[in-house]
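The opening residue of the sequence shown carries number 1 in the UniProt record's numbering; numbering runs sequentially from there. Note that the Cβ used here is the ideal one computed from N, Cα and C, for glycine as well. This one's a predicted model, so the numbers in the text were calculated from it and none came from an experiment. Only one structure is covered here, and it is reproduced in the block below.
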Amino acid sequence: MKTRVPAVIRQVLIAIAFCCVAGQFVGQTPSEPGVQTLQSAPKRQGFLDYALGKVNPHDTDYGSKMGSARNAVVGYTIDDLYFWSNVVTLLLLCGLVAVVLFQWRAMNKRELIAASLIAQLFNGRVSDRLEIERRTEQFNQLVEAHNAEAEAALSRKTATTERETDANGSLTKSVRTLADGKGISPAEAEKIAAAAPDATAASLEQSNLLLQRRVEALQNSEQNLKQRLNQTTVLLDQERRRNSTLKGA
Numbered sequence: 001m002k003t004r005v006p007a008v009i010r011q012v013l014i015a016i017a018f019c020c021v022a023g024q025f026v027g028q029t030p031s032e033p034g035v036q037t038l039q040s041a042p043k044r045q046g047f048l049d050y051a052l053g054k055v056n057p058h059d060t061d062y063g064s065k066m067g068s069a070r071n072a073v074v075g076y077t078i079d080d081l082y083f084w085s086n087v088v089t090l091l092l093l094c095g096l097v098a099v100v101l102f103q104w105r106a107m108n109k110r111e112l113i114a115a116s117l118i119a120q121l122f123n124g125r126v127s128d129r130l131e132i133e134r135r136t137e138q139f140n141q142l143v144e145a146h147n148a149e150a151e152a153a154l155s156r157k158t159a160t161t162e163r164e165t166d167a168n169g170s171l172t173k174s175v176r177t178l179a180d181g182k183g184i185s186p187a188e189a190e191k192i193a194a195a196a197p198d199a200t201a202a203s204l205e206q207s208n209l210l211l212q213r214r215v216e217a218l219q220n221s222e223q224n225l226k227q228r229l230n231q232t233t234v235l236l237d238q239e240r241r242r243n244s245t246l247k248g249a
């Protein structure tokens, strides 16, 4: 028993020493890359390696930098709640601006339409007024001509009545003398004498009727033009009120 105990102790000590030595070798191998590089033989550089060395002399990892930048952008935009709130507010602001511009354009179109309608109504009113003035002037001329003709007819009538009385007296005398000479009754002689002045009176009455009809036609046309003028003035007032309400809105 005494000889076995020292042997076991020796074996344990040897195992412990071996583990310590192995642990030192294992710990030193990855932490000393400089030793391996010194022991390894220097590599020959080609043209491509030389060009890459000139382009990237510090051996910077641009892929990792781009990945980190991408992750930062995604973190500040897609994964950020404030980014989406800003996007929603910008969209709402753009929508409001579009609505305001659309309303402004529609208002300008309404103003142009109202202005064109007012201009058309005003031009129609001016043309109607000119037409009314022309027709009234024609009516006045016809009235003057009718009055002059009536006065001339009255003067002619007075003159003709005097002449007719004289002529009738002479005509009746001549008719009676002829009737006495030819054996015609006195009643038939008086009918023959009264037929001559009736023709002149009928011609005067026809001319008076024609003038009266022309005067009535002009009066009717003048009334129609006045009605049209009143309608255009009412429409013009309505368009002005509508335009004022649109501008106030």
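Taking the alpha carbon of residue i as the point to measure from, which residue in the options has its own alpha carbon closest?
{"i": "Glu-137", "options": "Glu-222, Thr-232, Thr-233", "result": "Glu-222"}
{"i": "Gln-206", "options": "Ser-68, Gly-67, Ala-150", "result": "Ala-150"}
{"i": "Gln-238", "options": "Leu-81, Ala-114, Val-73, Met-66", "result": "Ala-114"}
{"i": "Asn-208", "options": "Asp-128, Arg-125, Gly-63, His-146", "result": "His-146"}
{"i": "Leu-142", "options": "Asn-108, Val-74, Gln-212", "result": "Gln-212"}
{"i": "Ser-244", "options": "Met-107, Ala-153, Val-87", "result": "Met-107"}
Thinking residue i and residue j are a contact (beta carbons under 8 Å), I'd like their distance in whole angstroms, please.
{"i": "residue 331", "j": "Arg-135", "result": "Residue 331 is absent from the model: the chain starts at 1 and stops at 249."}
{"i": "Leu-236", "j": "Arg-125", "result": "7 Å"}
{"i": "Thr-77", "j": "Phe-83", "result": "5 Å"}
Between which two residues does the alpha helix (DSSP H) carrying residue i extend?
{"i": "Asn-71", "result": "62 to 76"}
{"i": "Asp-49", "result": "47 to 55"}
| query | Should the segment 212 to 226 be called in touch with the segment 113 to 121, which here means at least 3 C-beta pairs below 8 Å? | reply | Touching, no.
| task | Decide yes or no for the touch test of the segment 94 to 110 against the segment 224 to 234: beta carbon pairs closer than 8 Å, at least 3 of them. | result | no
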